[in-house]
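Student: The listed protein sequences derive, respectively, from chains A and B.
First residue of the first sequence: 6, per my numbering; consecutive thereafter.
First residue of the second sequence: 6, per my numbering; consecutive thereafter.
Positions of the beta carbon are idealized from the N, C-alpha and C atoms, including for glycine.
I am attaching a structure below and will ask some questions about it afterwards.
There are 2 protein chains.
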Amino acid sequence: MTPLRIGLLGHGTVGAAFEELLGARAGRVEQLTGRRPEIAGVLTRTRGDFDEILARSDVVVELIGGVDDALRYLRAALESGCDVVTANKQLLSRHGEELWQLSRERGRSIGFEAAVAGVVPAIRVLREALAGTQIERVHGIVNGTTNFILSEMTRTACSYEAALAEAQRLGYAESDPSDDVGGSDAAAKMAILARLAFDAPIHIDDVRFEGIEQITQDDIGYARALGLALKLIGTAERIDGGISVRVHPAFLYAGHPLASVGGSFNAVTVEAEAITEITMSGPGAGGTQTASAVLADVIAAASGTQRPVPAAVSVPIIEDVTSAFYLHLRVIDRPGVLARIAQCLGEEEASIKSVVQRGLGEHAQLVMVIHPLPESRLRAALGAIAELDVVQAPPRAIRVIEEEFE
Amino acid sequence: MTPLRIGLLGHGTVGAAFEELLGARAGRVEQLTGRRPEIAGVLTRTRGDFDEILARSDVVVELIGGVDDALRYLRAALESGCDVVTANKQLLSRHGEELWQLSRERGRSIGFEAAVAGVVPAIRVLREALAGTQIERVHGIVNGTTNFILSEMTRTACSYEAALAEAQRLGYAESDPSDDVGGSDAAAKMAILARLAFDAPIHIDDVRFEGIEQITQDDIGYARALGLALKLIGTAERIDGGISVRVHPAFLYAGHPLASVGGSFNAVTVEAEAITEITMSGPGAGGTQTASAVLADVIAAASGTQRPVPAAVSVPIIEDVTSAFYLHLRVIDRPGVLARIAQCLGEEEASIKSVVQRGLGEHAQLVMVIHPLPESRLRAALGAIAELDVVQAPPRAIRVIEEEFE
Numbered sequence: 006m007t008p009l010r011i012g013l014l015g016h017g018t019v020g021a022a023f024e025e026l027l028g029a030r031a032g033r034v035e036q037l038t039g040r041r042p043e044i045a046g047v048l049t050r051t052r053g054d055f056d057e058i059l060a061r062s063d064v065v066v067e068l069i070g071g072v073d074d075a076l077r078y079l080r081a082a083l084e085s086g087c088d089v090v091t092a093n094k095q096l097l098s099r100h101g102e103e104l105w106q107l108s109r110e111r112g113r114s115i116g117f118e119a120a121v122a123g124v125v126p127a128i129r130v131l132r133e134a135l136a137g138t139q140i141e142r143v144h145g146i147v148n149g150t151t152n153f154i155l156s157e158m159t160r161t162a163c164s165y166e167a168a169l170a171e172a173q174r175l176g177y178a179e180s181d182p183s184d185d186v187g188g189s190d191a192a193a194k195m196a197i198l199a200r201l202a203f204d205a206p207i208h209i210d211d212v213r214f215e216g217i218e219q220i221t222q223d224d225i226g227y228a229r230a231l232g233l234a235l236k237l238i239g240t241a242e243r244i245d246g247g248i249s250v251r252v253h254p255a256f257l258y259a260g261h262p263l264a265s266v267g268g269s270f271n272a273v274t275v276e277a278e279a280i281t282e283i284t285m286s287g288p289g290a291g292g293t294q295t296a297s298a299v300l301a302d303v304i305a306a307a308s309g310t311q312r313p314v315p316a317a318v319s320v321p322i323i324e325d326v327t328s329a330f331y332l333h334l335r336v337i338d339r340p341g342v343l344a345r346i347a348q349c350l351g352e353e354e355a356s357i358k359s360v361v362q363r364g365l366g367e368h369a370q371l372v373m374v375i376h377p378l379p380e381s382r383l384r385a386a387l388g389a390i391a392e393l394d395v396v397q398a399p400p401r402a403i404r405v406i407e408e409e410f411e
Numbered sequence: 006m007t008p009l010r011i012g013l014l015g016h017g018t019v020g021a022a023f024e025e026l027l028g029a030r031a032g033r034v035e036q037l038t039g040r041r042p043e044i045a046g047v048l049t050r051t052r053g054d055f056d057e058i059l060a061r062s063d064v065v066v067e068l069i070g071g072v073d074d075a076l077r078y079l080r081a082a083l084e085s086g087c088d089v090v091t092a093n094k095q096l097l098s099r100h101g102e103e104l105w106q107l108s109r110e111r112g113r114s115i116g117f118e119a120a121v122a123g124v125v126p127a128i129r130v131l132r133e134a135l136a137g138t139q140i141e142r143v144h145g146i147v148n149g150t151t152n153f154i155l156s157e158m159t160r161t162a163c164s165y166e167a168a169l170a171e172a173q174r175l176g177y178a179e180s181d182p183s184d185d186v187g188g189s190d191a192a193a194k195m196a197i198l199a200r201l202a203f204d205a206p207i208h209i210d211d212v213r214f215e216g217i218e219q220i221t222q223d224d225i226g227y228a229r230a231l232g233l234a235l236k237l238i239g240t241a242e243r244i245d246g247g248i249s250v251r252v253h254p255a256f257l258y259a260g261h262p263l264a265s266v267g268g269s270f271n272a273v274t275v276e277a278e279a280i281t282e283i284t285m286s287g288p289g290a291g292g293t294q295t296a297s298a299v300l301a302d303v304i305a306a307a308s309g310t311q312r313p314v315p316a317a318v319s320v321p322i323i324e325d326v327t328s329a330f331y332l333h334l335r336v337i338d339r340p341g342v343l344a345r346i347a348q349c350l351g352e353e354e355a356s357i358k359s360v361v362q363r364g365l366g367e368h369a370q371l372v373m374v375i376h377p378l379p380e381s382r383l384r385a386a387l388g389a390i391a392e393l394d395v396v397q398a399p400p401r402a403i404r405v406i407e408e409e410f411e
């Protein structure tokens, strides 16, 4: 019997978990593929020779991370006739098109379920279950660190800093958490989901993103009082013949399928006229969990059931998106303040849905919800508001995802 | 270019929606498979000739329902070298093994995503994303009619009968709703999910099921007061070297991933040590939604990416499962009643977790939660309780799915 020889690049948390899982499930892999899997070689930053490993491999599994070396490895693997599996979101959100094209040309497969939302099968569902569906929108909670922090701030009413420290203590956040809390990790994942949902060549640079560093307990308290959930949400959607892909904190109405996704879990909702919507959720990280996604891709590669990623067709990237907004303003408590702020909003045709003013001695806090309007106009209004002498801190705006047809 | 010729059996709601969707997405199918799809013929109960349609088809799509004719059609299709796609849960929960074996022998594929939970990709995720995973448990809300009725009873505090009438008015329930409300529809779907999760030959007759006809507003009110959700839950799990597959109403703790699935939606949670758990949810029925699942299977068949269902290995079916229970008793309000009931429970080692007694004139209502115990012992205790002269109606028991390690 021909063995299934796997070249393993990277032996960190996921790499080590994959090697262990592969050993434990070798019999199952053999049952499904007719070939007994074996590790042909392991490359780390300090040991192993890539070319030697490649020469002995049928499938190359890239879990080493980084962009330039990983790109070189996967390119070489495809060119030499290997199937490849990768968990590298940064690589795919930058060089996916080159790799997917090479895979089509060489007739080899690329599996990358583990690159987005860990074991949550968002990639496979987009590539297969929804292959024939005209998708309209994808919403995702695709970063477990930020979802944990926001859940913790909601659960315990603690500060952002305390929740981050707790996430670091539990291993949900790295010592330098900036890629997670700043939104760029989620942006890379949304670029990949958007690429699959729309067959458009979305690069990470096409994704606008904001993080959660500015979220305060005030915002969480407001969300709780109104029965809203505050989440870091990735959105990819068709708008006016183009596509918008973005990541930002958002208030979700209570019935939204992502509103109840707590802790470090990830979840992805796909909307389309034909399917209404489907939602998938589960652990977005973890060694064994991610390794399980990698193993499924190895099985698919070895059984020839991994479909190619279709060629992409360029579409315009839409920058100016319409949203409802929550505004949080610190102002001097003085007659006429609300009128002046309302005037700045009115000049940009921003219509106020609700307003709450809370006095704090000489100061006051204004919280408003603004009906949907283009972000550019909201930004212009905020610019004018920030210039007012009665406004004491830069105004803060958080998007609101409302129930449609409410 | 060779066309992709599709023989369509059945032209009801789903069949007609499939034909329309196929027309609308023909370009996409061609892009993904290299073949332009066309309907080679349509068979209904009153028109078309199966053998003629089969002779002209590459893929046979069975949406005609029933068991005997459908079995004959699919057998003939596989034997003549066609791939097949079916949405027929009754057929697969009875004759799946024969069809899957035939498909392996002939090297043709069977797609059946639409047979369980509509467009929710439970089948594909079990067959592909979790192909290598040792699955421990599957929980499902796999019947939209009953989920709608229970959601409606919770939302509006109406009676079972009123909620059923509303479901019928909206088209979520048939005029004879017995397959749905009695649990046999869900049982067929759980048999199929269990078959895939455990590679064991589960027949619908192996599935014990109860429906929701006995659920009262009292039960719903109790669930609401405790923050529990009352759902019709299918469970398939490994227990003591065997497998249990069952369908029954259950109280779910508020954080359970299925607790927030409302209306006519379906959802499936898969648990395994390696993945922790993943949950999928979405519309479990609807013409276009189900047709979308069928279309994905047609694309998979035509692109050769539908993996065979592995051969099954028999395992014991476990009948006596341990559960926590909610008990609802109507008794005469008289000293010593609780003691006599507690004694019946104690003799079967049923331990009371909580009890609420409400007086209603001469009568009283006792609601208890019992710590987990084997169902056989609970049933024995209930038998003894029913014999007590102070008990005025047959005691009712509903399982409780508690948070693990609580």
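Excluding five sequence neighbours on each side, which residues of the same chain lie with their C-beta closer than 6 angstroms to the C-beta of Asp88/A?
Tutor: Here the question's residue 88/A lines up with position 83 in the first sequence. Result list for Asp88/A: Val64, Arg113, Ser114 and Ala306, in chain order.
Student: Name the two residues that bound the continuous beta strand (DSSP E) containing Gly287/A.
Tutor: As a working note, residue 287/A is residue 282 in the first sequence. Thr281 to Pro288 is the extent of the beta strand (DSSP E) around Gly287/A.
Student: The beta strand (DSSP E) spanning Phe23/A covers which residue range?
Tutor: Position 18 of the first sequence holds residue 23/A. Segment Thr18 to Ala29 is the alpha helix (DSSP H) holding Phe23/A; no beta strand (DSSP E) there.
Student: On the three-state DSSP scale, how would you describe Val90/B?
Tutor: By one-based count along the second sequence, residue 90/B stands at place 85. Correct three-state label for Val90/B: strand.
Student: With a threshold of 6 angstroms on Cβ separation, who are the neighbours of Glu35/B within its own chain once the five nearest residues in sequence on each side are excluded?
Tutor: If you number the second sequence from 1, residue 35/B lands on position 30. Result list for Glu35/B: Arg41, in chain order.
Student: Helix, strand or coil for Asn152/B, going by three-state DSSP, please let me know.
Tutor: Counting from one through the second sequence, the residue named residue 152/B turns up at place 147. Asn152/B falls in the helix class under three-state DSSP.
Student: Can you tell me where the beta strand (DSSP E) holding Ile44/B begins and where it ends?
Tutor: Here residue 44/B corresponds to residue number 39 of the second sequence, with the count starting at 1. Ile44/B -> beta strand (DSSP E) spans Pro42 to Leu48.
Student: Check whether the region 221-230 of chain A and the region 162-169 of chain A touch, using three or more Cβ-Cβ pairs below 8 angstroms as the test.
Tutor: Short answer: they touch.
Student: Spatial neighbours of Arg10/A within its chain, please: CB distance less than 7 angstroms, with the 5 preceding and 5 following residues excluded, ordered by chain position.
Tutor: Within the first sequence, numbered from 1, the residue matching residue 10/A stands at position 5. Taken in chain order, the residues that qualify are Glu43, Ala45, Arg61, Ser62 and Asp63.
Student: So which residues on chain B does Ile304/A lean against when the C-beta distance must stay under 7 angstroms?
Tutor: The count along the first sequence starts at 1 and reaches residue 304/A at position 299. Within 7 angstroms Cβ-Cβ: Ala136 and Gly137.
Student: Does the distance from the CB of Phe214/B to the CB of Val252/B come in under 9 angstroms?
Tutor: In the second sequence, the residue the question calls residue 214/B occupies position 209. In the second sequence, the residue the question calls residue 252/B occupies position 247. For Phe214/B and Val252/B, yes; Cβs fall inside 9 angstroms.
Student: I need the DSSP call for Arg335/B, collapsed to helix, strand or coil.
Tutor: On the second sequence, residue 335/B is found 330 positions in, with the first residue counted as 1. Residue state, collapsed to three classes: strand.
Student: Is it the case that the CB of Glu353/B approaches a heavy atom of the ligand ZN more closely than 8 angstroms?
Tutor: This structure simply doesn't include the ligand ZN, nor any ligand for that matter.
Student: Would you mind sorting Glu133/B into buried or exposed? The rule is 16 or more other CB atoms within 10 Å of its CB.
Tutor: Residue mapping note: residue 133/B aligns to position 128 of the second sequence, counting from 1. Result: buried.
Student: Taking just the CA atoms, how far does Gln362/B sit from Phe410/A?
Tutor: Against the first sequence, residue 410/A aligns to sequence position 405. Against the second sequence, residue 362/B aligns to sequence position 357. Because Phe410/A carries a pLDDT of 46, less than 50, the predicted location of this residue cannot be relied on, and no value is offered for it.
Student: Could you spell out the range, first to last residue, of the alpha helix (DSSP H) harbouring Thr293/A?
Tutor: Indexing the first sequence from 1 puts residue 293/A at position 288. Per DSSP, Thr293/A belongs to the alpha helix (DSSP H) from Gly292 to Ala307.
Student: So is Ile119/A buried or exposed if we call it buried at 16+ other beta carbons inside 10 Å?
Tutor: Working through the first sequence from its first residue, we reach residue 119/A at position 114. Going by the sequence as given, residue 119/A is Ala instead of Ile. With 16 or more other Cβ atoms within 10 Å, it is buried.
Student: So, with DSSP's three-state summary, where would you put Leu14/A?
Tutor: As a first step, residue 14/A is located in the first sequence; it is residue number 9 there, counting from the start. Strand at Leu14/A.
Student: Can you round the beta-carbon distance between Gly289/A and Ala21/A to whole angstroms, since I take them to be within the 8 angstroms contact cut?
Tutor: For the purposes of this step, residue 289/A is taken as residue 284 along the first sequence, with counting starting at 1. For the purposes of this step, residue 21/A is taken as residue 16 along the first sequence, with counting starting at 1. Not a contact, Cβ separation roughly 19 angstroms.
Student: Against chain A, with Cβ distances strictly below 9 angstroms, would Thr284/B count as a contact?
Tutor: Here residue 284/B is taken as the residue at index 279 of the second sequence, counted from 1. It does; some Cβ of chain A falls within 9 angstroms.
Student: Whose C-alpha, out of Glu102/A, Ile283/A, Ala167/A and Leu13/A, is nearest the C-alpha of Arg200/A?
Tutor: Taking the first sequence and counting its residues from 1, the one referred to as residue 200/A is at position 195. With distances taken between Cα atoms, Arg200/A lies closest to Glu102/A.
Student: Taking DSSP's pairing of strands, which residues face Arg142/B in a bridge?
Tutor: Working through the second sequence from its first residue, we reach residue 142/B at position 137. The partner list for Arg142/B (beta bridge, DSSP) reads Glu242/B and Glu276/B.
Student: If I'm right that Val275/B touches Leu135/B with Cβ under 8 angstroms, what's the distance once you round it to whole angstroms?
Tutor: Here residue 275/B corresponds to residue number 270 of the second sequence, with the count starting at 1. Here residue 135/B corresponds to residue number 130 of the second sequence, with the count starting at 1. Contact flag correct, Cβ pair sits at about 6 angstroms.
Student: Give the straight-line distance between the Cα atoms of Ser381/A and Ala259/A, rounded to the nearest whole angstrom.
Tutor: In the first sequence, residue 381/A corresponds to position 376, counting from 1. In the first sequence, residue 259/A corresponds to position 254, counting from 1. Between Ser381/A and Ala259/A, the C-alpha separation is close to 27 angstroms.
Student: Run the CB neighbour count on Thr49/B, radius 10 Å, all protein chains shown included, and call it buried at 16 or more, exposed below.
Tutor: Here residue 49/B refers to the residue found at position 44 when the second sequence is read from its first residue. Looking at its Cβ environment, which holds fewer than 16 other Cβ atoms inside 10 Å, Thr49/B is exposed.
Student: Val374/B and Lys358/B look like a contact to me (Cβ under 8 angstroms); what is the Cβ gap, rounded to whole Å?
Tutor: Position 369 of the second sequence, counted from the first residue, corresponds to residue 374/B. Position 353 of the second sequence, counted from the first residue, corresponds to residue 358/B. With 8 angstroms as the limit, Val374/B and Lys358/B qualify as a contact, their Cβ atoms being about 4 angstroms apart.
Student: State the DSSP-derived secondary structure class of Gly260/A, mapped to helix, strand or coil.
Tutor: Numbered from its first residue, the first sequence carries residue 260/A at position 255. Three-state DSSP puts Gly260/A in coil, outside helix and strand.
Student: If you reduce the DSSP assignment to three classes, tell me which class Ser249/A lands in.
Tutor: To locate residue 249/A, count along the first sequence from 1; it is residue 244. In the structure shown, Ser249/A sits in a strand (DSSP, three-state: E or B).
Student: Measure the Cβ-Cβ separation of Ala316/A and Cys349/A and say whether it is below 9 angstroms.
Tutor: On the first sequence, position 311 is the one that residue 316/A refers to. On the first sequence, position 344 is the one that residue 349/A refers to. Going by C-beta atoms, Ala316/A is not nearer than 9 angstroms to Cys349/A.
Student: When the cut-off is 9 angstroms and only beta carbons count, does Ala427/B lie next to chain A?
Tutor: This structure cannot speak to residue 427/B, because chain B is shown only from 6 to 411.
Student: If I measure Cβ to Cβ from Leu26/B and keep anything under 6 angstroms in the same chain, skipping five residues before and after, which residues do I get?
Tutor: As a working mapping, residue 26/B is identified with position 21 in the second sequence. Cβ within range, chain order: Ala296 and Leu300.
Student: Any Cβ of chain A within less than 9 angstroms of the Cβ of Glu118/B?
Tutor: Working through the second sequence from its first residue, we reach residue 118/B at position 113. Interface residue, yes.
Student: Contact criterion: CB-CB distance below 9 angstroms. Does Phe410/B meet it with respect to chain A?
Tutor: If you number the second sequence from 1, residue 410/B lands on position 405. In this predicted model, Phe410/B has a pLDDT of only 46, less than 50, meaning its place in the structure is not dependable; the value taken from the coordinates is given anyway. Phe410/B does not count as touching chain A.
Student: Hey, is Pro262/A's beta-carbon within less than 9 angstroms of any beta-carbon in chain B?
Tutor: As a first step, residue 262/A must be located in the first sequence, where it is residue number 257. Taking Cβ atoms only, chain B reaches closer than 9 angstroms to Pro262/A, which makes this a yes.
Student: Quick check on the DSSP output: the beta strand (DSSP E) that includes Glu392/A runs from which residue to which?
Tutor: Here residue 392/A refers to the residue found at position 387 of the first sequence. No beta strand (DSSP E) contains Glu392/A, which is instead part of the alpha helix (DSSP H) from Glu380 to Glu392.
Student: Within a Cβ cutoff of 7 angstroms, which residues of the same chain sit near Asp1/A, ignoring the five residues on either side of it in sequence?
Tutor: Any answer about residue 1/A is impossible in this case: the structure gives chain A only from 6 up to 411.
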